[in-house]
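Residue numbers (full-length UniProt numbering), protein chains in the order written: chain U, 1 to 246; chain Y, 1 to 246. Below is one structure, written out as structure tokens, with a few remarks after it.
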DNA sequence: CGCGGATTTGAACTGAATCAATCGACGTGG
DNA sequence: CCACGTCGATTGATTCAGTTCAAATCCGCG
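Here's what the structure looks like:
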């Protein structure tokens with residue numbers, strides 16, 4: 001343990017809010033400098049397009065804060081959200097030149113960007129990094145398949161309940177708030193508008209609005225603003241969502 | 001180049017129909033013996049359960065021939081097919097103890113099974129193998145997201161047309177028939193029953209049947225048997241399916 | 001205060017589900 | 001060889017969940 005010379009680049013990553021939760025967690029403090037050297041931060045406003053479908057992709061990124069929606073579109077404008085990513089999720093499709101979907105900032109977003117070539121080089125050098133990315137991808141695949149069950153077989157009210165449950169469940173993680181709150185009074189800020197929720201659930205705005213209304217009048221939710229509410233009865237919510245998971 | 005002693009185990013994999021198209025393609029002829037030593041073949045009949053959801057999974061597998069459907073189920077029996085795998089696809093969820101879905105033989109199926117522990121050991125030793133599996137997983141994730149768009153936003157007739165198009169497109173691959181046939185006279189055998197197609201598309205049997213009827217009377221399909229037909233007009237089929245892809 | 005976009009609410013409509021026969025194709029046994 | 005039963009697929013009639021179209025209402029903001 002000797003006093004090392006001051007290293008500003010190393011310092012940056014070591015101060016990063018998601019240093020250990022993002023893919024960077026697969027790198028040691030020694031190795032992190034190699035990724036630090038190539039990383040750049042960038043901010044996005046809600047609605048900003050991060051990545052267009054069929055775009056040539058020349059970067060990967062970690063989400064430092066905020067929510068990013070991945071969407072697909074039919075020729076006539078019908079739209080489907082196929083993924084919703086929060087900090088500290090990874091963004092980008094390895095081993096493919098072009099993006100298979102749009103990536104759009106749903107909230108204020110901060111990304112930590114890595115140039116494609118440099119990052120792919122790192123992937124080859126650090127097997128731990130690739131394994132970590134592989135595991136993240138497997139988890140995303142599981143989530144996508146869960147959502148397929150929702151899209152194909154759940155009713156409108158089950159869909160909306162499932163969505164609210166998912167957001168409520170992930171909220172403590174996202175905020176990184178270590179206050180282990182009362183599970184029957186989770187305060188939630190929705191990262192999506194009604195129309196985005198509709199695009200996530202394969203419904204219309206009107207149906208989403210009506211179903212949220214029902215959850216409210218059933219006493220399961222207490223609305224504070226259109227994008228802000230508390231879950232008053234998690235158990236009933238999960239029941240309404242038809243959750244099976246462990 | 002010296003004459004090697006006869007090696008029956010090595011011979012087996014080298015004669016395998018999917019030797020170079022499956023994940024095994026990531027291994028050299030030298031390396032293949034390590035996987036050969038742990039592999040076992042097994043046959044399944046249509047409807048046989050290969051893997052139950054929440055089962056402790058103690059093997060991985062390559063599909064040597066046939067089609068395997070991955071399904072999820074709601075408490076009340078509603079079902080959704082979340083993946084349809086053909087030879088030479090890989091089967092199994094790495095880095096997770098329990099299966100997140102059911103895997104069921106849709107047709108006659110032959111698997112090449114690897115004990116979990118031994119295969120995970122191989123994964124660590126052979127980085128090429130893990131990378132190959134990673135790429136396969138990324139492709140599955142892309143496919144799952146394409147299907148989410150279908151499930152959430154396509155109409156019944158678009159769904160059925162998309163399904164038929166997908167099967168017609170993959171048929172030449174599956175059969176490994178190198179006869180580059182007329183694209184407007186592809187002969188197709190459906191690996192799924194009407195009720196399975198319904199579970200794949202988030203529809204009912206009746207709706208599937210009606211939509212297939214429409215494709216037939218529109219002259220796009222010529223039915224030979226309920227599970228056997230020819231595609232007469234691929235361009236119109238793709239149009240009806242609302243395909244955007246490259 | 002008044003404007004404009006997002007959300008909610010209402011009423012009518014419709015695509016797909018449900019309910020209900022019927023129709024093969026196929027195997028079995030008389 | 002034909003009657004019978006079974007199971008998947010088709011076809012028809014009806015219903016209904018969710019969409020569509022059309023107003024309100026809410027709310028943030030200059």
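We put the beta carbon where it would ideally sit given N, CA and C, even for glycine. Quick caveat, the model's predicted, so the values are computed rather than measured.
Inset, instruction - Return no unless some Cβ of chain Y is closer than 9 angstroms to the Cβ of residue 79 of chain U. - result: yes
Legend entry - Within the UniProt domain "HTH crp-type" (154-235) of chain U, ranges of the alpha helix (DSSP H) (whole runs, at least 4 residues): 156-175, 194-201 and 205-217
Inset, instruction - Consider the Cβ of residue 52 of chain Y: report whether some Cβ of chain U lies at a distance smaller than 9 angstroms. - result: no
Inset, instruction - Have a look at residue 5 of chain U and residue 123 of chain U and give me their C-alpha separation to the nearest angstrom. - result: Low confidence applies to residue 5 of chain U: its pLDDT is 49, below 50, so where it sits in the model is not reliable enough to give any reading.
Inset, instruction - Taking the CB atoms as reference points, tell me whether residue 90 of chain Y and residue 22 of chain Y lie closer together than 9 angstroms. - result: yes
Inset, instruction - Please report how far the alpha carbon of residue 20 of chain U lies from the alpha carbon of residue 161 of chain Y, in whole angstroms. - result: 46 angstroms
Inset, instruction - Determine the chain U residues that contact residue 82 of chain Y at a beta-carbon separation under 7 angstroms, and present them in chain order. - result: 145, 148 and 149
Legend entry - Rounded separation between residue 81 of chain Y and residue 209 of chain Y - CA only: 18 angstroms
Inset, instruction - Enumerate in chain order the residues of its own chain whose CB-to-CB distance from residue 230 of chain Y is below 8 angstroms, with the five nearest sequence positions on each side excluded. - result: Around residue 230 of chain Y: 185, 186, 187, 188, 221, 222 and 224.
Inset, instruction - State yes or no: is the C-beta of residue 165 of chain U within less than 9 angstroms of the C-beta of residue 241 of chain U? - result: yes
Inset, instruction - Using a threshold of 9 angstroms, state whether the C-beta atoms of residue 268 of chain U and residue 18 of chain U are closer than that. - result: Residue 268 of chain U lies beyond the range of chain U shown here (1 to 246); nothing can be said about it.
Legend entry - residue 83 of chain Y - partner residues in DSSP beta bridges: Partner(s): Y:70.
Inset, instruction - Can you tell me which of Y:214, Y:199, Y:147 and Y:72 puts its alpha carbon nearest to the alpha carbon of residue 73 of chain U? - result: Y:147
Legend entry - Straight-line gap, residue 212 of chain Y to residue 167 of chain Y (C-alpha atoms, nearest Å): 14 angstroms
Legend entry - Chain-order list of residues whose beta-carbon lies under 7 angstroms from that of residue 237 of chain Y (same chain, five-residue window excluded): 161, 164, 165, 220 and 231
Inset, instruction - Taking only the alpha-carbon atoms, compute the straight-line gap between residue 226 of chain Y and residue 194 of chain Y and give it to the nearest angstrom. - result: 9 angstroms
Inset, instruction - May I ask which residues mark the beginning and end of the beta strand (DSSP E) holding residue 242 of chain U? - result: Note, residue 242 of chain U: premise wrong, no beta strand (DSSP E); not H, not E.
Legend entry - For residue 34 of chain U, the first and last residue of its enclosing alpha helix (DSSP H): 32-36
Inset, instruction - Mark residue 215 of chain U as exposed unless 16 or more other C-beta atoms lie within 10 angstroms of its C-beta, in which case mark it buried. - result: Buried is the call here.
Legend entry - chain U residues whose Cβ lies nearer than 7 angstroms to that of residue 141 of chain Y: 137, 140, 141 and 144
Inset, instruction - Could you tell me which of U:169, U:149, U:42 and U:71 sits nearest to residue 199 of chain U, measuring between CA atoms? - result: U:71
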